[in-house]
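So the protein sequences, as listed, match chains G and L.
Numbering-wise, the first sequence is residues 0 to 166 according to numbering that gives the first Met the number 0.
Numbering-wise, the second sequence is residues 0 to 166 according to numbering that gives the first Met the number 0.
Here the structure comes first, spelled out in structure tokens, and everything after it is commentary.
2 protein chains.
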Amino acid sequence: MKLDEAKIKYIHTWGSLATSWGINKTMAQVHALLLVSTKPLSAEDIMETLKISRGNVNMNVRALIDWGIVRKEFVVGERKEFFVADKDIWELFKQITKERKKREIEPVLKVLEELQEIDESSEEAEQFKKVLSDLSSVTTTVNGILDKAIRADEHWLLSNFTKMIKK
Amino acid sequence: MKLDEAKIKYIHTWGSLATSWGINKTMAQVHALLLVSTKPLSAEDIMETLKISRGNVNMNVRALIDWGIVRKEFVVGERKEFFVADKDIWELFKQITKERKKREIEPVLKVLEELQEIDESSEEAEQFKKVLSDLSSVTTTVNGILDKAIRADEHWLLSNFTKMIKK
DNA sequence: TTTTATTTTCAATAATTTTTGAAAGTTTAA
DNA sequence: TTAAACTTTCAAAAATTATTGAAAATAAAA
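If you want it as structure tokens, here you go:
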């Protein structure tokens with residue numbers, strides 16, 4: 000396979016995969032494009048490569064900046080803005096995990112807690128409370144594990160974690 | 000809060016949350032309904048409670064069965080089918096993890112591998128291959144951790160895992 | 001200043017995904 | 001068999017989500 004062909008294929012594949020994780024396709028493609036680019040790209044560059052409008056580029060680039068996985072970069076002698084994605088994949092993984100935790104797991108926990116306040120003690124009410132409390136318990140545990148992963152360093156994850164888990 | 004009110008709130012909240020994980024809202028609501036129901040429910044029951052059409056119930060119930068988190072159950076003296084969701088939340092977590100791994104993580108790994116076959120060795124090509132190999136590496140590691148989690152038992156996760164991770 | 005370059009916004013439009021509901025298919029009972 | 005009870009399918013409609021593009025806003029240069 001030729002390099003440019005592979006890059007395009009990667010960008011498009013990443014976009015499709017994103018959909019199943021509830022992530023906008025174009026947002027994933029913009030990130031993929033920046034990730035495999037050797038130099039900072041302007042809004043025009045992104046528009047041309049992905050064949051999307053200026054407004055769309057603007058919205059998605061800002062969403063990526065908001066997620067903390069893309070940043071603006073100034074290029075000497077250029078007035079317009081350029082964008083880059085950090086090439087450190089472990090950092091990327093940590094950042095995405097951190098954001099999804101905050102945006103999606105923590106709100107779940109909050110709702111589950113609220114719901115447990117039921118002033119009823121029938122058999123049925125108890126069963127419902129048990130389901131909620133089990134949901135909280137598993138979610139809290141997963142949340143805790145992700146916290147540790149975020150604080151860990153790459154080497155630790157890749158070697159020790161795997162070994163420890165094996166048991 | 001009153002029990003029925005809390006159940007309805009739980010069902011609706013779960014539906015909204017599902018959207019951000021790329022899961023159909025109604026599918027999540029049907030599952031939530033079955034999870035907090037004390038008895039098996041028929042298609043009619045689900046239609047009435049969630050105010051959705053017969054076709055919609057059928058599609059989503061079958062999707063849930065396909066995910067392995069809902070099953071048919073026969074009720075004596077009744078001709079039609081009834082459905083139940085397993086109340087074991089740890090099992091539910093494991094089953095969902097298993098399915099998402101198979102449906103979403105493993106295809107990513109496959110694509111990443113394919114893409115690495117580039118017959119070019121420029122500086123740029125090497126950098127691209129590095130990104131792909133790092134993506135593979137992190138994804139493989141996560142996949143492995145999830146494998147262990149699936150094989151583990153609840154008690155192990157809730158106590159030991161958390162302690163081990165703390166280090 | 002004023003002009004020019006660039007970014008942002010957002011209503012309108014397009015694309016995608018979900019839902020409906022009626023017809024076709026299947027199963028059980030009479 | 002035939003009829004009734006129930007389930008499945010799927011094209012059309014509705015709902016949701018994403019995208020466009022031109023106008024407004026902002027920032028830098030003349």
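Virtual Cβ for every residue (Gly too), placed ideally from N, Cα, C.
Residue i classed as buried or exposed, judged by whether at least 16 other C-beta atoms fall within 10 angstroms
i       : result
S52(L)  : exposed
S121(G) : exposed
I172(L) : Nothing about residue 172(L) can be read from this structure; chain L reaches only from 0 to 166.
H154(L) : exposed
D152(G) : exposed
N159(G) : Summary for N159(G): the model assigns pLDDT 46, below 50, so the residue's position carries little reliability; its value from the coordinates is reported in the next sentence. By the 10 Å Cβ count, N159(G) comes out exposed.
V75(G)  : exposed
Identity of the residue in the options nearest residue i by Cα
i       : options                            : result
K50(G)  : R61(G), V110(G), Q28(G)            : Q28(G)
K93(L)  : V141(G), K6(G), L145(G)            : V141(G)
K38(G)  : R70(G), Q126(G), E4(G)             : R70(G)
A62(L)  : Y9(L), A84(L), L134(L), I10(L)     : A84(L)
K6(L)   : L145(G), I117(G), V137(G), I144(G) : I117(G)
M58(L)  : T25(L), D133(L), W89(L), I88(L)    : T25(L)
E4(L)   : D44(G), F127(G), T139(G)           : F127(G)
K100(L) : S41(L), K147(L), E43(L)            : K147(L)
K8(G)   : V110(L), E43(L), L91(L)            : V110(L)
H30(L)  : S41(L), V60(L), A42(L)             : V60(L)
N23(L)  : K129(L), V56(L), D133(L), L91(L)   : V56(L)
M0(L)   : E119(G), S36(G), L91(G), M0(G)     : E119(G)
Proximity below 8 Å, CB of residue i to CB of residue j
i       : j       : result
S19(G)  : E47(L)  : no
F185(G) : F82(G)  : The question about residue 185(G) has no answer, for chain G in this structure spans 0 to 166.
L131(L) : L114(L) : yes
K79(L)  : L34(L)  : no
I64(G)  : L32(G)  : no
S135(L) : E105(L) : no
L145(L) : T96(L)  : yes
G21(G)  : G21(L)  : yes
Residues bridged to residue i [DSSP beta-bridge criterion]
i      : result
E72(L) : F81(L)
S41(L) : F81(L)
CB-CB length for residue i against residue j, believed under 8 Å
i       : j      : result
V137(L) : W13(G) : Wrong, their Cβ atoms sit about 14 Å apart, outside the cutoff.
E98(G)  : G67(G) : 7 Å
E125(G) : L2(L)  : Between L2(L) and E125(G) the Cβ distance is about 10 Å, and since that is not below 8 Å, they are no contact.
Residue i beta carbon near the ligand MN (any heavy atom closer than 7 Å)
i     : result
I7(G) : You won't find the ligand MN in this model; it holds no ligand whatsoever.
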